[in-house]
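**Q** Residue numbers (the numbering used here), protein chains in the order written: chain A, 47 to 424; chain B, 6 to 150.
1) Please state whether DSSP places residue 132/B in a helix, a strand or coil.
2) Does any C-beta atom of chain B lie closer than 7 angstroms to the C-beta of residue 175/A?
3) Using a C-beta to C-beta distance shorter than 9 angstroms, which residues of chain A count as neighbours of residue 144/B?
4) Would you mind reading off the limits of the beta strand (DSSP E) that contains residue 408/A?
5) Is it buried or exposed, residue 47/A, if we count other Cβ atoms within 10 angstroms and call 16 or more buried?
6) Shorter than 7 angstroms from the beta carbon of residue 185/A to some beta carbon of chain B?
7) Taking the C-alpha atoms as reference points, what is the distance between residue 75/B and residue 130/B?
8) Taking only the alpha-carbon atoms, compute the straight-line gap between residue 138/A and residue 250/A and give it to the nearest angstrom.
9) Can you find a C-beta in chain B that's less than 7 angstroms from the C-beta of residue 188/A?
10) What three-state label does DSSP hand residue 143/A in the structure shown?
11) Are the CB atoms of residue 98/B and residue 117/B nearer to each other than 7 angstroms?
12) As a quick exercise: from 395/A, 412/A, 402/A and 386/A, pick the residue whose alpha carbon is nearest that of residue 83/A.
13) In chain order, what residues of the same chain have a beta carbon less than 8 angstroms from the beta carbon of residue 223/A, not counting five sequence neighbours either side?
14) If we call anything under 7 angstroms between Cβ atoms a contact, is residue 83/B one with residue 242/A?
15) Using a Cβ-Cβ cut-off of 6 angstroms (strictly less than) and excluding sequence neighbours within five positions of residue 134/A, which residues of its own chain qualify?
16) If residue 320/A sits next to residue 404/A, beta carbons under 8 angstroms apart, how far is it from one beta carbon to the other, in whole angstroms?
17) Return the CA-CA distance between residue 268/A and residue 151/A, expressed in angstroms with no decimal places.
18) What residues in its chain sit with their C-beta under 7 angstroms from that of residue 302/A, if we drop five residues either side in the sequence?
19) Kindly confirm or deny that the region 293-310 of chain A and the region 390-399 of chain A touch, where touching means at least three C-beta pairs closer than 8 angstroms.
20) Please identify the residue among 367/A, 108/A and 191/A whose C-alpha is closest to the C-alpha of residue 330/A.
21) Could you please give me the residues that DSSP links to residue 80/B through a beta bridge?
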């Protein structure tokens, strides 16, 4: 079983480094990433027929303000928001636009500028504190910590299993010149950093960041004019939580259920995946997701990570560029950055981060509001 | 600064948010959570909602929820989030109630090192702070049985 209709190729990718850039505007960040993608694709900006902008905080008009940095060609530009998965969802919409024949070559720019510190999620629209906020329940690491504690109680996984995700992440980030943090951390440093919500310590939390990503897609037919080695975006689908009576759900969405559907659409299974990106906003994200993507059995994610299976040289390399933890997390840009790293891996352009013989990549991106799972392949 | 009997009688309790729980008669009593129950399929929810997501029924009844449950999972918040009236450290728990409703809550009267998945807990009134008229703004927490 494969996909029907127009096949979609990722023709170009680009990034603005992730970190702190107070002197740069959202348009500056987006322009830099977009220029890199245009150059990477070998196209001219005027070849772009539609634009999509994934972002969370920046308000109306941000997409146009970025695309207008490159040109004023009349194309439709759409702002897309799905919290930390904004540019992933924007990419799916762009894929659907190509498959529907609404446009061919298009660009998805993901961008964010963020203040430091915990995200203030416990407030209502008028700035008043909500019930959940006043009761101290609006604690983002808390959601992942709640999942980790349940995992430890049910399966015997240990705090160091989760911490190891950060050790690996920072080791990989040190090999990524675009990463916010390029310094390896030891297990002791990770575990001894300030506890935020048991078992998640400070170095097991992703930072807030400024940054941008850009992805250029086109049809297979158009791609032939520019490359002899296309990378295909085989499937990209999204989901929100599914109510099951009596079941408790703490996750942004039904990852295992969605992964199953994406595998079916791609005609593949977990055994086919050579390299992956998981949403590691906090370390339990990787431990739980490798189970849900079928890389290991339910309950074994902690040991799977602990034994090195998700290292660049492991059986199932995850977040080879440092992930959210080390690469950084400008919310709107992260989805595009995940795609960028997978594309570089599949092209053999990942340098010291290169996974040998990477032909198929998988991406899991989550946000408050839903999840997105994609498969890319040479 | 002792409360005289007069002051104790006139000191009112005001819920942190209306409609989520019923105040006890006195500050020594326990609140009762108010959720929704589907008149068609009996599914329960907290907080209240309008439409049953099990069967689609539009229009749900208010229902009282059980005052005891089990900890399904927990964490210890060590950093006070923005806007919180509760200072870290404190325990956050997901408590499963008998109506198959899972609620998020804060634990009271508990040794933070002793919290475990599976612990039995009961609801308790929690005084949060005083309002400008000197009334107690109250909410609910859960504590070990």
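Using N, Cα and C, we set each Cβ at its ideal position, and we do this for glycine too. As the structure is a computational prediction, the values presented were derived from the model and not from experiment.
**A** Taking the definition as stated:
1) As a working note, residue 132/B is residue 127 in the second chain. Annotated three-state conformation of residue 132/B is strand, per DSSP.
2) Position 129 of the first chain, counting from 1, holds the residue named residue 175/A. Yes, residue 175/A counts as interfacial toward chain B.
3) The residue you call residue 144/B lines up with position 139 of the second chain. Per Cβ cutoff of 9 angstroms: 177, 180 and 181.
4) Along the first chain, read from residue 1 onward, the residue named residue 408/A stands at position 362. From DSSP, the beta strand (DSSP E) with residue 408/A extends over 406-413.
5) Residue mapping note: residue 47/A aligns to position 1 of the first chain, counting from 1. Note that residue 47/A has pLDDT 35, beneath the 50 cutoff, so the model's placement of it is unreliable and no number is given.
6) Mapped onto the first chain, residue 185/A falls at position 139. Using beta-carbon distances, residue 185/A counts as an interface residue toward chain B, with a partner under 7 angstroms.
7) Residue numbering aside, residue 75/B sits at position 70 when the second chain is read from its first letter. Residue numbering aside, residue 130/B sits at position 125 when the second chain is read from its first letter. Spanning the two alpha carbons is a distance of roughly 18 angstroms.
8) On the first chain, residue 138/A is found 92 positions in, with the first residue counted as 1. On the first chain, residue 250/A is found 204 positions in, with the first residue counted as 1. Their Cα atoms are separated by approximately 29 angstroms.
9) Start at 1 with the first residue of the first chain, and residue 188/A comes out as number 142. By this cut-off, residue 188/A is an interface position.
10) Residue mapping note: residue 143/A aligns to position 97 of the first chain, counting from 1. Note: residue 143/A maps to helix in three-state DSSP.
11) Locating residue 98/B in the second chain gives position 93, counting from the first residue. Locating residue 117/B in the second chain gives position 112, counting from the first residue. The answer is no: Cβ separation not under 7 angstroms.
12) Locating residue 83/A in the first chain gives position 37, counting from the first residue. When each option's Cα is compared against that of residue 83/A, the closest is 386/A.
13) As a working note, residue 223/A is residue 177 in the first chain. Around residue 223/A: 63.
14) Position 78 of the second chain, counting from 1, holds the residue named residue 83/B. Position 196 of the first chain, counting from 1, holds the residue named residue 242/A. Their beta carbons are under 7 angstroms apart, which means residue 83/B touches residue 242/A by this criterion.
15) Taking the first chain and counting its residues from 1, one reaches residue 134/A at position 88. Excluding residues within five positions, the ones whose Cβ falls inside 6 angstroms are 381, 411 and 418.
16) Along the first chain, read from residue 1 onward, the residue named residue 320/A stands at position 274. Along the first chain, read from residue 1 onward, the residue named residue 404/A stands at position 358. At roughly 4 angstroms, the Cβ-Cβ gap stays under 8 angstroms, so residue 320/A and residue 404/A are in contact.
17) By one-based count along the first chain, residue 268/A stands at place 222. By one-based count along the first chain, residue 151/A stands at place 105. Answer to the nearest angstrom: the Cα atoms are 8 angstroms apart.
18) One-based indexing of the first chain puts residue 302/A at position 256. Answer for residue 302/A: 338, listed in chain order.
19) No, the region 293-310 of chain A does not touch the region 390-399 of chain A.
20) The count along the first chain starts at 1 and reaches residue 330/A at position 284. Residue 330/A has its Cα closest to that of 191/A, out of 367/A, 108/A and 191/A.
21) For this step, residue 80/B is matched to residue 75 along the second chain. In DSSP, residue 80/B forms a bridge with 97/B.
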